[in-house]
Each structure stands twice: as C-alpha cells, then as structure tokens.
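In my numbering, the protein residues as written are 2 to 465. We treat Cβ as the ideally placed atom computed from N, Cα and C, and that holds for glycine.
As structure tokens, this is what we get:
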C-alpha cells in the first residue's frame, strides 16, 4: 500500500503511538458519515488495484482526500463532521472525545435540522434571538385585550414581585467566582475586571451595587393552576457583572451547555444581574390609536448595544428598590424598579395606585450574554392611573426632550401607531437593530392586546 493512501487511513505510514491509530480511525469515521449522509460510496469510481497502481497518469492519480462524493448532497451539521474528520494533516483531526463534545453533546443533534429545534423564542421573521422564555402569563390561549375588553391584562401578582435579598455574612457584594476555574480563567477575569474598573474610574460607566438573580422557581398549583413564581436575589457590582458577561460570551456552546444543562435553572456564578424591560402605550384620547414607544440608545462610550432600539424603559434592579433598606431580611420590589425606570428614562411618573397598572408577565434569559430579566408594559389609558399621569406621545416627547435623568442612555424616542400592521412593519424594518430583549417584549405586548394567533400570523406573513 502506498504511503499516501496509508496516511489517508491511519495518519502515518510509521505508526508511533495509539494516538496515530485514533486519528486514522476518525478519518474512517468521516467516510462513514459521508456514506450515511449521501448514500454514495467513497472512491466509487476506483478499483482497489487501481488505487495502488503507481503508473497511473497524473490526471487520473488516486487522491485519498477526493472520494468522488456528490458534494451537492452534503450539507448541515453532518457536513462539518465529515470535513473535520478528513483533514489532510492527522494532527488536525479531532479525537473521538472532542468530536462527541462538539457535535454530539446533550444539547446538539447533528442529524436534526436546526429548523426543527424549538428552544429559543421565535416569531415569524424574528429568529435566532437567543432568548429563552422561562415563564410567561401570555400563552397560546390569549385572545387579546382588544378582542374581549372584559378585564385588563394581568401580570404576576404583587406578592410574587416582592423578592428576598440573600446577603453574605459579611454583607459584602457577591462577586464569587466559579471554584473550578483554572488559573488562566482567573487571570482572564482579572484583566477584564481591571478594564471595566478603569472605565468606572474614567466615568465612562458607574460601578454601582446592582442586584443579581440567584434563584427562580415557577409553579402552577391548585385546581385553577394559578401561576406562582419565587425569585431570590443577591447584591453584586456592575463591574463584576460586565467582567462575568465577557467571560460567558467567550465560552463555547458546549461549555455553556455543560454549565447550564437546563436553562430554566439559574447558574449561580454567571447570573450577575436582573433587568426590567417595560413597554409604554400612550393615551392619545378617544378614537385615536395609542402609540408604542421605541427609544433608541445613545452611541456614547460604555453603552451596552449602542444605537439599539428598546421598548419603553429598560432598568436594572438596584438597592434603591428595597422596600425597607433597614429591614432584616431585605426585600426588593420589582414594581418599584419598573416605576423608577419609567420615570428616570422617559419621565413617565407613576405614584400610589398608578403602580397597579404596571403589568409584568414574562421572565426570560438572554442566553448569549447570560442576563436574566422580566418584561411587561404599562398602558397609560388604564383607569387605575390618575388623569394627570395618562400621557399622550406629545406630552411624553416634551418631557423627554426637556432632559430626563437618564437621557444619556437614549438619543431619541420613536412612536408607532399601536395597530397590528404598522407595528409589524416597523419591527420588520428595524428588528436587526433591536436590543435582543426588545424582540421578545414587543411580541409579548402585541400578543397581549391583539391575540397570540393574530400576531403570529402577521409576523409569519412577513417571513420572506
């Protein structure tokens, strides 16, 4: 057998170790994958004796890396397996262990088309969102408020939005690192932490104490299957959050799936924040369509997703939202976070009984950055809001341009008629510049008012 062919099968004509044999076996495994995928045998135009014949003309010379496979039949994840197994240099081929981890792990099935998987949020043309919906009160049975008008949409009950804060014994921020990190990972974290700490020193970002989700339990109990949710939080710092977000983003998909085998369970070390995304529907008066508010983030240094569209107000939980900062134990009010965000970012002021109109209904995980959050909306036509707080778009715009506290986070606000077709058209035109959670928020709010099936139909119709 020629050395060329021998290298194709086993990686070397002089086998020096068991590893050489393993890489040769992987080459053969690749050929089997190709046969399974196409139904065509490798080298089906050659006979065994012809392969070993050294006097073949140059243009008909046997090449162990050209198997005469019908390449047009090869595609999808199995094509990647086929290619990596057949790399010309044996040392570049993966071992069986790496192959299993990269292509056949618990969360991957290369025999299954990506189109058949249903894990992250998707709606029509909104795909590959990397948003995992952990719990939602907006489900496939929702008809839409505009169709029934019987009662206002209901979010999570207030009792489930007042959440316990777990403090460390020394009451220091929880900036713990995974105990199984190797030295290289710890050094990478230190470098990232140092970078963001410098940004804080230079006043590009603020290293405030922020609140991180550490526990999430959902339950539909009783005959009525009332939705219950339990959340617990801990204090951490913004710089630690940014550094850990960078660490997560650098992980491979396999590493992420090993850390978070079930996305509905909170990973204790990488979960370093919790945010609220609250959409705003304005009060334009009788006979006029409400407006849906799309702020656009500024492009200043230090901003996360500069220039991206959001829906209403986006706010991280803070120690400002403690019900009683002197109590033991401490409790956080997510409704207070929502109200604070609406006032600081858009000057939408809600007080006292107004707060009952804030509807928080969906808990989600932004998997690509590992950031947990809850989203919902406030409808400024809600009769529970005092009349002087039921703002029209022109009133809101006037207050925004007058200089809200967090104006540095947003450049402009856009308003779209809150009707099915204009909303879908706007999202279709701009969704590629949406903040990732905004894609979920806009769909969930639309489903709440127009109905799940109507919204899905409209988004699907524009999926071209």
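{"Check": "Under the rule that 16 or more other beta-carbon atoms within 10 Å means buried, what is residue 348, buried or exposed?", "Outcome": "buried"}
{"Check": "Return yes when at least one heavy atom of the ligand NAD lies under 7 Å from the C-beta of residue 258, else no.", "Outcome": "This structure does not include the ligand NAD; it has no bound ligands of any sort."}
{"Check": "Let me check one thing: in DSSP terms, what residues is residue 136 bridge-paired to?", "Outcome": "364"}
{"Check": "Can you grab the Cα-Cα spacing for the pair residue 89 / residue 185, in whole Å?", "Outcome": "31 Å"}
{"Check": "So does the region 195-203 actually touch the region 132-139, counting three or more Cβ pairs closer than 8 Å?", "Outcome": "no"}
{"Check": "Could you check whether residue 375 and residue 361 sit closer than 8 Å to each other, using their CB atoms as the reference points?", "Outcome": "yes"}
{"Check": "Straight-line CA distance for residue 451 to residue 377?", "Outcome": "15 Å"}
{"Check": "So, under 8 Å CB-CB, residue 342 and residue 385 are touching, yes? Tell me the CB distance rounded to an integer number of Å.", "Outcome": "Their Cβ separation, rounded to whole angstroms, is 19 Å, which puts residue 342 and residue 385 out of contact at 8 Å."}
{"Check": "Would residue 363 pass as a contact of residue 145 if the rule is Cβ separation under 8 Å?", "Outcome": "no"}
{"Check": "Going straight from the alpha carbon of residue 182 to that of residue 153, what length do you get?", "Outcome": "49 Å"}
{"Check": "Closest to residue 402 by C-alpha separation, out of 297, 414 and 155, would be which residue?", "Outcome": "414"}
{"Check": "How many whole angstroms separate the CB atoms of residue 100 and residue 331, which I take to be in contact at a CB cut-off of 8 Å?", "Outcome": "49 Å between Cβ atoms; not a contact."}
{"Check": "Just the C-alpha distance for residue 453 and residue 447, rounded to the nearest angstrom, thanks.", "Outcome": "8 Å"}
{"Check": "Should residue 324 be labelled buried (16 or more other beta-carbon atoms within 10 Å of its own) or exposed?", "Outcome": "exposed"}
{"Check": "Could you please give the first and the last residue of the uninterrupted beta strand (DSSP E) stretch that includes residue 297?", "Outcome": "292-298"}
{"Check": "Would you check if the distance between the CB atom of residue 290 and the CB atom of residue 418 is smaller than 8 Å?", "Outcome": "yes"}
{"Check": "Return the chain-ordered list of same chain residues with a C-beta closer than 6 Å to the C-beta of residue 270, the five sequence neighbours on each side being excluded.", "Outcome": "179"}
{"Check": "Between 91, 322, 172 and 131, which lies nearest to residue 333 when the distance is taken from Cα to Cα?", "Outcome": "322"}
{"Check": "DSSP three-state label for residue 386, please.", "Outcome": "coil"}
{"Check": "Ignore the nearest five residues each way along the sequence and tell me which others in residue 218's own chain have a CB closer than 6 Å to its CB.", "Outcome": "231"}
{"Check": "Indicate whether residue 311 and residue 296 have their beta-carbon atoms separated by less than 8 Å.", "Outcome": "yes"}
{"Check": "By DSSP, does residue 335 sit in helix, in strand, or in coil?", "Outcome": "helix"}
{"Check": "Would a C-beta distance cut-off of 8 Å place residue 85 and residue 94 closer than the cut-off?", "Outcome": "yes"}
{"Check": "State the CB to CB distance for the pair residue 316 and residue 356, rounded to an integer number of angstroms; the pair is presumed to be in contact (CB under 8 Å).", "Outcome": "Actually they are not in contact, since the Cβ atoms of residue 316 and residue 356 sit about 14 Å apart, beyond 8 Å."}
{"Check": "For the alpha helix (DSSP H) that contains residue 275, what are its first and last residues?", "Outcome": "Residue 275 -> not in any alpha helix (DSSP H); beta strand (DSSP E) instead, spanning 275-282."}
{"Check": "May I have the straight-line CA-CA distance separating residue 392 from residue 286, to the nearest angstrom?", "Outcome": "10 Å"}
{"Check": "State the DSSP-derived secondary structure class of residue 63, mapped to helix, strand or coil.", "Outcome": "Its pLDDT being 46, under 50, residue 63 is placed unreliably by the model, and nothing is read from it."}
{"Check": "Which residues in the same chain have their Cβ closer than 7 Å to the Cβ of residue 461, if we skip the five residues on either side of it in sequence?", "Outcome": "125"}
{"Check": "Drop a sphere of 10 angstroms on the beta-carbon of residue 273, count the other beta-carbons inside from all chains shown, and report buried for 16 or more, exposed for fewer.", "Outcome": "buried"}
{"Check": "Out of 129, 237 and 337, state which residue places its alpha-carbon closest to the alpha-carbon of residue 164.", "Outcome": "337"}
{"Check": "In the DSSP assignment, what are the bridge partners of residue 232?", "Outcome": "217"}
{"Check": "Could you check which residue in 195, 308, 120 and 189 has the C-alpha nearest to that of residue 250?", "Outcome": "189"}
{"Check": "Check residue 402 in the structure and name its three-state DSSP category.", "Outcome": "helix"}
{"Check": "I'd like to confirm the pairing. Which residues does DSSP put opposite residue 415 in its beta bridges?", "Outcome": "295"}
{"Check": "Write down the C-beta distance between residue 213 and residue 279 rounded to the nearest angstrom, noting that I regard them as a contact closer than 8 Å.", "Outcome": "With a Cβ gap of about 20 Å, residue 213 and residue 279 do not count as contacting."}
{"Check": "So, at 6 Å on beta carbons, what are the nonlocal neighbours of residue 445 in its own chain, with the 5 sequence-adjacent residues on each side left out?", "Outcome": "139 and 363"}
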